[in-house]
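Visitor: Residue numbers (the working numbering), protein chains in the order written: chain A, 1181 to 1430; chain B, 184 to 525. Heads up, the beta-carbon is just placed ideally off N, CA and C, and yes, glycines get one too. Please read all numbers here as calculations on a predicted model, not as lab measurements.
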Amino acid sequence: MSEKPKVAFFDFACCEGCQLQIANLEEDIIGLLNLVNVVEFREVATGKAPEYDIAFIEGSITRKSDEERLKDIRNRSKLLVAYGQCAVTGGINLLKNNFGDLDMVKRKVYGDDSSMPHLDTAVTKSVGEVVKADLAIPGCPVNREEFLRIVKELCLGKIPRIPDYPVCVECKLKENICLFDEGTICLGPIARAGCGAICPSNGVPCDACRGAVPNPNKKAMHEVLKKYNYTVERIIREMNLFGVNPEVSE
Amino acid sequence: MDIVKIPENDFYKFVDKKIAEKSSRIISVVRKGTKFVFDELDSASRMCLDYDVTILPPKKYFQPQKETLLRFVPKQADSYEAVNEFEPITLIGVHYYDLAAIYLMDRAFSEGKKDENYLKKRNNALLIGLYPTHFFKYRFSSSVIKGEQPYKVADLMLIHMDDGHFALEIVTEKGRAYIEGAGCKKSDYTLKEIEDAKNRIKDDQRLPIPVELTPDYLMKNHDHPVWEVFGEKCYSCGSCVFVCPTCYCFDMKDEIDLTLKSGERTRNWDGCMLENFAVCAGGHNFRGKRAARFRHRIFRKGVNLPLKYHYWGCVGCGRCADACTSSIAGPVKVFKYIEENK
């Protein structure tokens, strides 16, 4: 490669935890900077650039003005990558959409301040619902190792692949004791892997923060959860956290 | 076959001696929470030979979950060099059904062009087998394994006796040399005492039909509703195949370092129960339905491997049945369903 690709990082409605993962790459940050030219990254550097080879977008899109800003970035980028679950599906911010009445949501959250202009809000959208996202890197937050792999593969002109199998695979590889055996429920059987089963490995049930696998067997999930005496309301609540549609088709 | 005996305490001391010698990694069964795993020992006191079953079988030492096969410079076609990393290991306390499974793995990796990465690891391993001392509710090995099968790979077999001793069957000369200096005495047990100790744990489960008949039986039931009924409950999570001692499927990945100047080709565990396992060029998935994948797995164990190797492709360890949150993976349950719904 003659010249390093110009890379930029942007954030929308999010906790900025994903960009913190990038800033936290420790010794690998040097390697990353040898590979790409970071031209815009508000959290760690000053400076702006007119166009980008790769734009990494964090956060969900929750305001009209954000849609315009995102479209502008898209127009100035060769590749646009949604990274982190907020950008990929809407993430945690999708919870807001479950209530319908957004004014009520705003009042509930912000009380008397809810009418202030910077708290303007609309239905949560993923990046891909507003502009074309060439690639999605799931996770809350993103997995740093996976992020690095994807940057390398993009630099080499490969098409990066994201794991499409459930978290159970990674639990088995780690010889974790299945949380179902311990009387806990876990969304692992329908959740997308790639995290290294980090939560179950530490005794915490999977919340499916990387979303569901492409074809989750929700019917089986409902049956198993009912076997463990979970109510339908509880099942819906569990699946809703990261926007896994709990409805069973067929 | 010679049989010797050794007091249990002396055997543990002997293992400590072998750990201190450092001539090979000593691996045995240790506790992990409420379950058991194979792990490297730093002290024989961690060794737990009265286990029911381990989460993963010992195949992880011969076909590692991730294994480097090549190193190369990206975009330089002639730059690759083969990698084959192995070291001497001793596995202590491998249940007889896992030995039977290692025999099947040996067959698979020796077929056609021999797989040197697997075989070098295997040839540098000493296997000390064990007859189970604890019941496991999903185990049905006694109805699918032939008696001689474990002895095709074991170097030594441990049998837990009632008087605080292990009886030790010396299967190979390598095994005989290994226990020299352990302080074993000639066995004075009767054959009946040995056989009773080997069979002390009775399996609760049995395959409902004779194992020799399964290839024909399954072929006749190729279109039985069982595959749809069970497949519908399958998550395609692969738990059943990752914990299986006779599953050996893998995927290849190229991994490049951050300088983009060196890379490794690795092989990684994969499984036919994962939804996209059978996706091929052009995006076609020739086993895209849950029922088809479920049938394929049972056919591998009950038709394909038995016809090829004359031994059943499943050793009845029961790990799949235990690992499956939907409670559908155990072969006994599948055969019972067919029997009950003829």
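1. Below 8 Å on C-beta distance, what does A:A1400 contact in chain B?
2. Check whether chain A comes within 9 Å of B:P428, counting only Cβ atoms and requiring the distance to be less than that.
3. With a threshold of 7 Å on Cβ separation, who are the neighbours of A:M1181 within its own chain once the five nearest residues in sequence on each side are excluded?
4. Which whole-angstrom value is the C-beta distance of A:I1241 and A:K1312, which I expect to be below 8 Å?
5. Does A:R1329 come within less than 9 Å of chain B when only Cβ atoms are used?
6. B:E331 to B:K196, Cα distance in whole Å?
7. Is B:E376 close to chain A? Criterion is C-beta to C-beta, closer than 9 Å.
8. Measuring from the CB of B:G454, is there a heavy atom of the ligand GTP at a distance below 8 Å?
9. With DSSP run on the structure shown, which of helix, strand or coil describes B:S456?
10. So which residues on chain B does A:E1355 lean against when the C-beta distance must stay under 7 Å?
11. Between B:C423 and B:Y321, what straight-line distance do the alpha-carbon atoms span, to the nearest angstrom?
12. Just verifying my parser: in three-state terms, what is the DSSP assignment at B:S419?
13. How would you label A:M1419, buried or exposed, when you count the other beta carbons within 10 angstroms and need 16 or more for buried?
14. Quick check on the DSSP output: the alpha helix (DSSP H) that includes B:I202 runs from which residue to which?
15. Does A:F1360 come within less than 9 Å of chain B when only Cβ atoms are used?
16. What are the complete alpha helix (DSSP H) segments, minimum 4 residues, inside the region 1232-1301 of chain A?
17. Could you check if B:D434 is buried or exposed, using at least 16 other CB atoms within 10 Å of its CB as the buried criterion?
18. Identify each residue in the region 1401-1415 of chain A for which the Cβ-Cβ distance to at least one residue of chain B is less than 8 Å, and report them in chain order.
19. Would the beta-carbon of A:C1389 fall within 9 Å of that of A:E1350?
20. Which residues bound the beta strand (DSSP E) around B:A308?
21. Touching or not, the region 1375-1384 of chain A and the region 1341-1357 of chain A, by the rule of three or more beta carbon pairs under 8 Å?
22. Pick out whichever of B:Y301, B:S207, B:E294, B:A512 has its Cα sitting closest to the Cα of B:K249.
23. So what's A:G1391 in DSSP terms, helix, strand or just coil?
24. So, with DSSP's three-state summary, where would you put A:I1365?
25. Between the beta-carbon of B:P333 and the beta-carbon of B:Y286, is there less than 9 Å?
26. Can you tell me whether A:F1236 is buried or exposed, with buried defined as 16 or more other CB within 10 angstroms of its CB?
27. Just how far apart, CA to CA, sit A:I1342 and A:A1229?
28. State yes or no: is the C-beta of A:S1294 within less than 9 Å of the C-beta of A:D1281?
29. Below 9 Å between beta carbons: does that hold for A:L1299 and A:K1288?
30. If I measure Cβ to Cβ from B:Y418 and keep anything under 8 Å in the same chain, skipping five residues before and after, which residues do I get?
31. Does DSSP classify A:P1492 as helix, strand or coil?
32. Taking the runs of the alpha helix (DSSP H) that are 4 residues or longer, which of them lie wholly in the region 356-409 of chain B?
33. If you check the beta carbons only, do A:R1222 and A:F1192 fall under 9 Å apart?
34. Using 10 angstroms around the beta-carbon of B:S211, count the other beta-carbons present and answer buried if the total reaches 16, otherwise exposed.
35. Using beta carbons (cut-off 9 Å, strictly below), is B:G454 in contact with chain A?
36. In its own chain, which residues sit with a C-beta less than 6 Å from the C-beta of A:C1379, not counting the 5 before and 5 after it?
Guide: The relevant details are as follows:
1. Here residue 1400 of chain A refers to the residue found at position 220 when the first sequence is read from its first residue. Near A:A1400 (Cβ distances below 8 Å), the residues of chain B are E415, K416, C417, Y418, S509.
2. Taking the first residue of the second sequence as 1, we reach residue 428 of chain B at position 245. It does not; no Cβ of chain A falls within 9 Å.
3. Position 1 of the first sequence, counted from the first residue, corresponds to residue 1181 of chain A. Its pLDDT being 47, under 50, A:M1181 is placed unreliably by the model, and nothing is read from it.
4. Working through the first sequence from its first residue, we reach residue 1241 of chain A at position 61. Working through the first sequence from its first residue, we reach residue 1312 of chain A at position 132. Not a contact, Cβ separation roughly 14 Å.
5. Locating residue 1329 of chain A in the first sequence gives position 149, where the first residue counts as 1. Yes, contact with chain B.
6. Within the second sequence, residue 331 of chain B is the residue found at index 148, counting from 1. Within the second sequence, residue 196 of chain B is the residue found at index 13, counting from 1. Each residue's alpha carbon lies about 30 Å from the other.
7. As a position in the second sequence, residue 376 of chain B is number 193, starting the count at 1. With 9 Å as the cut-off, B:E376 does not count as an interface residue toward chain A.
8. In terms of ligand content, the structure shown is empty, and the ligand GTP therefore cannot be addressed.
9. Here the question's residue 456 of chain B lines up with position 273 in the second sequence. For clarity, residue 456 of chain B is Met in the given sequence; the question names Ser instead. B:M456: coil per DSSP, three-state reduction.
10. On the first sequence, residue 1355 of chain A is found 175 positions in, with the first residue counted as 1. The contacting residues are K215, V220, I238, L239.
11. The residue given as residue 423 of chain B occupies position 240 in the second sequence. The residue given as residue 321 of chain B occupies position 138 in the second sequence. Taking the straight line from one Cα to the other gives about 13 Å.
12. As a working note, residue 419 of chain B is residue 236 in the second sequence. The answer is coil: DSSP assigns B:S419 none of H, G, I, E or B.
13. Position 239 of the first sequence holds residue 1419 of chain A. Per the 10 Å Cβ criterion, buried.
14. Taking the first residue of the second sequence as 1, we reach residue 202 of chain B at position 19. Element bounds for B:I202: 191-204.
15. Your numbering for residue 1360 of chain A matches position 180 in the first sequence. Yes - at least one Cβ of chain B is within 9 Å of the one on A:F1360.
16. 1244-1255, 1265-1268, 1282-1290
17. For the purposes of this step, residue 434 of chain B is taken as residue 251 along the second sequence, with counting starting at 1. Exposed.
18. Here the close residues are M1401, E1403, V1404.
19. For this step, residue 1389 of chain A is matched to residue 209 along the first sequence. For this step, residue 1350 of chain A is matched to residue 170 along the first sequence. Contact flag unset, no.
20. Taking the second sequence and counting its residues from 1, one reaches residue 308 of chain B at position 125. 308-313 is the span of the beta strand (DSSP E), which, as asked, contains B:A308.
21. Touching, per the Cβ criterion.
22. For this step, residue 249 of chain B is matched to residue 66 along the second sequence. Out of B:Y301, B:S207, B:E294, B:A512, B:Y301 has the C-alpha closest to the C-alpha of B:K249.
23. On the first sequence, residue 1391 of chain A is found 211 positions in, with the first residue counted as 1. Coil, per DSSP.
24. In the first sequence, counting from the first residue as 1, residue 1365 of chain A sits at position 185. It is coil, neither helix nor strand.
25. Here residue 333 of chain B corresponds to residue number 150 of the second sequence, with the count starting at 1. Here residue 286 of chain B corresponds to residue number 103 of the second sequence, with the count starting at 1. Going by C-beta atoms, B:P333 is nearer than 9 Å to B:Y286.
26. Here residue 1236 of chain A is taken as the residue at index 56 of the first sequence, counted from 1. Only buried fits A:F1236, as 16 or more other CB atoms lie within 10 angstroms of its CB.
27. The residue labelled residue 1342 of chain A in the question sits at position 162 within the first sequence. The residue labelled residue 1229 of chain A in the question sits at position 49 within the first sequence. About 29 Å.
28. The residue given as residue 1294 of chain A occupies position 114 in the first sequence. The residue given as residue 1281 of chain A occupies position 101 in the first sequence. No; because the gap between Cβ atoms is not below 9 Å, this pair is not in contact.
29. What you label residue 1299 of chain A is simply residue 119 of the first sequence in a count that begins at 1. What you label residue 1288 of chain A is simply residue 108 of the first sequence in a count that begins at 1. Contact: no.
30. Taking the first residue of the second sequence as 1, we reach residue 418 of chain B at position 235. Here the set comprises T508, S509.
31. No information on residue 1492 of chain A is available, as it lies outside the stretch 1181 to 1430 that chain A covers here.
32. 356-361, 374-381, 397-403
33. On the first sequence, residue 1222 of chain A is found 42 positions in, with the first residue counted as 1. On the first sequence, residue 1192 of chain A is found 12 positions in, with the first residue counted as 1. Contact flag unset, no.
34. Locating residue 211 of chain B in the second sequence gives position 28, counting from the first residue. The residue is buried, with at least 16 neighbouring Cβ atoms inside 10 Å.
35. Mapped onto the second sequence, residue 454 of chain B falls at position 271. Chain A contact via Cβ: present.
36. By 1-based counting over the first sequence, the position of residue 1379 of chain A is 199. The answer, listed in chain order, is C1386.
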